[in-house]
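Here is the structure we will look at, set down as structure tokens.
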Amino acid sequence: MRIELNGKDHEIAGEPTVSALITELGLQNQACAVEVNKKLVRKAEHAEHALSEGDRVEIVTLVGGG
């Protein structure tokens with residue numbers, strides 16, 4: 013299934029959920045914000061939030077600093 017991820021085409025392999033996508037990208041241990049079709053998806057909803065063909069997904073990783 014194809015989605016748009018951070019402005020670029022991306023092919024999803026396997027289960028089409030936000031949680032699975034985060035794991036596929038190796039971001040499961042990082043703080044990140046996820047938006048699907050311009051709607052924020054809360055972390056508690058990542059496992060249940062199914063992605064569909066053509067969805068526009070934005071993932072922003074959060075970094076600490078000072």
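Oh and the sequence shown: position 53 is 65 in the numbering used here, straight run, nothing missing.
Ideal Cβ placement from N, Cα and C applies to all residues, glycine included.
In this structure, the beta-carbon distance from Asn-49 to Asp-67 falls below 8 Å. DSSP places Glu-23 in the strand class (E or B) of the three-state scheme. Put simply, the backbone Cα of Glu-47 is about 23 Å away from that of Gly-77.
Here Val-53 is buried: its Cβ has 16 or more other Cβ atoms, across all protein chains shown, within 10 Å.
An exposed status is given to Leu-74, since fewer than 16 other beta-carbon atoms sit within 10 Å of its beta-carbon.
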